[in-house]
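Data first, discussion second: the structure below is written as structure tokens.
Numbering (our numbering), first residue to last: 10 to 341.
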């Protein structure tokens with residue numbers, strides 16, 4: 010297999026793992042307002058306390074892999090999306106700081122809870138803005154960003170920003186169902202189906218909006234050989250949504266989280282198929298953006314070593330801290 014394709018797969022894996030894992034962390038922050046009780050918020054925090062910072066490893070991996078394998082894309086994307094990336098990182102910093110200080114604070118605990126909510130929501134929103142700007146196309150000339158600093162400020166990017174917020178909120182609610190029981194778990198179950206319906210609405214809207222505003226994606230979806238690979242996706246989304254409804258009705262512990270991850274995966278597959286073989290949609294292909302083969306192979310040796318290590322310690326962390334979070338429990 011072409012080493013360029015291998016690197017594209019590694020980056021795609023890193024992005025998906027980040028969205029899946031840090032997504033529910035951010036989602037828990039966004040559903041904080043539904044649970045004003047301090048003890049309940051403490052339980053929500055303790056459910057992710059052992060793993061939240063490790064989840065962000067995948068964001069670092071994705072950025073480093075992009076620089077190593079596709080430096081042209083790294084330069085274009087960072088130049089084009091510098092502001093929303095900075096805003097996202099600032100929100101992640103606020104989220105991380107509030108996560109640590111909230112437990113030690115007394116008089117200012119509510120203030121740090123607000124910072125946790127706003128940091129989580131802001132990070133999710135700006136990640137969605139970055140995604141929307143990437144899908145809509147980055148202005149490029151001679152493999153260099155040619156737009157202005159605010160090209161990303163459009164109704165479409167703001168819409169995708171809100172869509173990703175809903176996605177993360179759903180992941181957060183589903184994850185908490187696996188970690189909590191009793192009254193809190195039942196209330197989480199009540200959040201899941203409305204969030205699923207809102208997410209399906211965003212999926213439908215983006216699926217209509219995107220081909221109407223991008224002729225190349227419209228061709229890919231309806232007139233090219235790739236369309237046969239996309240046709241099963243909406244059917245599978247409906248099947249997963251139906252299974253989600255049933256899992257909520259029967260109050261299943263683990264099925265909602267698995268099904269939420271499947272919804273994310275199906276949307277991600279649709280995105281990857283839609284933009285293939287472009288590294289920057291409609292501007293730069295993977296082959297055009299790739300680093301020299303020797304550089305890719307050299308970096309691949311490190312990736313082959315480090316990715317299994319990340320997978321092992323991530324799995325170990327979730328295994329060690331498996332089980333339900335009880336009232337009054339604390340993670341130190």
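Think of the CB as a built atom: it goes at the ideal place given N, C-alpha and C, for glycine as much as any other residue.
Computed from a predicted structure; not experimentally measured.
Sort 56, 44 and 51 by Cα distance to residue 333 and report the nearest one. Numbered from 1 along the chain shown, position 324 holds the residue referred to as residue 333. Selected option, being the one with the closest Cα: 56.
Per-residue burial, residue 115 [other beta carbons within 10 Å of its own, 16 or more giving buried]: Here residue 115 refers to the residue found at position 106 when the chain shown is read from its first residue. Exposed, by the Cβ-count rule.
Taking the DSSP output, what are the residues bridged to residue 150? The residue labelled residue 150 in the question sits at position 141 within the chain shown. Residue 150 is bridged to 153.
Between the alpha carbons of residue 27 and residue 144, how many angstroms are there, rounded? To locate residue 27, count along the chain shown from 1; it is residue 18. To locate residue 144, count along the chain shown from 1; it is residue 135. So the alpha carbons of these two residues sit roughly 18 Å apart.
contact_flag[the stretch 165-181, the stretch 201-219] where n(CB pairs < 8 Å) is 3 or more: yes
Please return the same chain residues whose Cβ sits closer than 7 Å to the Cβ of residue 120, not counting the five positions on each side in sequence. Reading the chain shown from its first residue, position 111 is the one you call residue 120. Same-chain partners within the cutoff: there are none.
Along the chain, where does the alpha helix (DSSP H) that runs through residue 257 open and close? To locate residue 257, count along the chain shown from 1; it is residue 248. Here the alpha helix (DSSP H) through residue 257 covers 241-258.
For residue 299, which three-state DSSP category applies? Here residue 299 corresponds to residue number 290 of the chain shown, with the count starting at 1. Residue 299 falls in the coil class under three-state DSSP.
Comparing alpha-carbon positions, which option in 77, 254 and 97 lies nearest residue 301? In the chain shown, the residue the question calls residue 301 occupies position 292. Ranking the options by Cα distance to residue 301, first place goes to 77.
Given 8 Å, three or more beta-carbon pairs between the stretch 150-163 and the stretch 46-66: no
Taking only three categories from DSSP, how would you classify residue 294? To locate residue 294, count along the chain shown from 1; it is residue 285. Strand, per DSSP.
CA-to-CA distance, residue 326 to residue 111, given in whole angstroms: Walking along the chain shown from the start, residue 111 turns up at place 102. Walking along the chain shown from the start, residue 326 turns up at place 317. Roughly 23 Å separates the two Cα atoms.
For residue 20 versus residue 74, is the C-beta spacing smaller than 7 Å? For this step, residue 20 is matched to residue 11 along the chain shown. For this step, residue 74 is matched to residue 65 along the chain shown. Yes, the Cβ-Cβ distance between residue 20 and residue 74 is below 7 Å.
Would you call residue 217 buried or exposed, if buried means 16 or more other Cβ atoms sit within 10 Å of its Cβ? Within the chain shown, residue 217 is the residue found at index 208, counting from 1. So residue 217 ends up on the exposed side.
The beta strand (DSSP E) that contains residue 289, what's its start and end? Position 280 of the chain shown holds residue 289. 287-289 is the span of the beta strand (DSSP E), which, as asked, contains residue 289.
In chain order, what residues of the same chain have a beta carbon less than 7 Å from the beta carbon of residue 341, not counting five sequence neighbours either side? Against the chain shown, residue 341 aligns to sequence position 332. With a pLDDT of 48 at residue 341, under the threshold of 50, the modelled position of that residue is not reliable, and no figure is offered here.
By alpha-carbon positions, which one of 124, 130, 255 and 72 ends up nearest to residue 108? Stepping through the chain shown from its first residue, residue 108 is reached at position 99. Ranking 124, 130, 255 and 72 by Cα distance to residue 108 puts 124 first.
Please work out which residues of its chain come closer than 8 Å, Cβ to Cβ, to residue 7, disregarding the five sequence neighbours upstream and downstream, and give them in chain order. Nothing can be reported for residue 7: it is not among the residues displayed for the chain, which extend from 10 to 341.
Buried versus exposed, by CB contacts within 10 Å (16 or more), residue 67: Residue 67 sits at position 58 when you count from the first residue of the chain shown. So residue 67 ends up on the buried side.
C-alpha distance - residue 90 paired with residue 70, whole-angstrom precision: Position 81 of the chain shown, counted from the start, is the residue given in the question as residue 90. Position 61 of the chain shown, counted from the start, is the residue given in the question as residue 70. Cα-Cα distance, rounded: 19 Å.
Are three or more beta carbon pairs between the stretch 126-140 and the stretch 174-186 nearer than 8 Å? yes
Please go through the same chain and pick out, in chain order, the residues whose beta-carbon is closer than 7 Å to the beta-carbon of residue 40, but skip the five residues on each side of it. Residue numbering aside, residue 40 sits at position 31 when the chain shown is read from its first letter. Result list for residue 40: 178, 181, 182 and 200, in chain order.
What would DSSP say about residue 161, mapped onto helix, strand or coil? Here residue 161 refers to the residue found at position 152 when the chain shown is read from its first residue. Looking at residue 161 - three-state DSSP - the assignment turns out to be coil, as it is neither helix nor strand.
Residue of 227, 189, 288 and 258 minimising C-alpha distance to residue 393: In the structure as shown, the chain begins at 10 and stops at 341. Residue 393 is therefore absent and cannot be evaluated.
Buried or exposed: residue 247, going by 16 or more other Cβ atoms within 10 Å of its Cβ? As a first step, residue 247 must be located in the chain shown, where it is residue number 238. Residue 247 should be labelled exposed.
Count the other C-beta atoms from every protein chain shown that fall within 10 angstroms of the C-beta of residue 83, then say buried if there are 16 or more, exposed otherwise. Looking up residue 83 in the chain shown gives position 74. Buried is the call here.
Let me make sure I understand the geometry here. Which of 98, 86 and 53 has the alpha-carbon closest to that of residue 293? If you number the chain shown from 1, residue 293 lands on position 284. Of 98, 86 and 53, the residue nearest in Cα terms is 86.
Between the Cα of residue 150 and those of 244, 88 and 136, spot the shortest distance and give me the residue it belongs to. Here residue 150 corresponds to residue number 141 of the chain shown, with the count starting at 1. For residue 150, the nearest C-alpha among the options comes from 88.
With 16 other CB atoms within 10 Å as the buried threshold, where does residue 305 fall? Taking the first residue of the chain shown as 1, we reach residue 305 at position 296. Buried, because 16 or more other Cβ atoms sit within 10 Å of the Cβ of residue 305.
Which stretch, first to last residue, makes up the alpha helix (DSSP H) that contains residue 66? Working through the chain shown from its first residue, we reach residue 66 at position 57. Its alpha helix (DSSP H) spans residues 66-78.
Taking all protein chains shown into account, do 16 or more other C-beta atoms lie within 10 angstroms of the C-beta of residue 251, making it buried, or fewer, making it exposed? Locating residue 251 in the chain shown gives position 242, counting from the first residue. Exposed, by the Cβ-count rule.
Quick one: grab the DSSP three-state call for residue 115. The residue labelled residue 115 in the question sits at position 106 within the chain shown. Here residue 115 sits in coil by DSSP.
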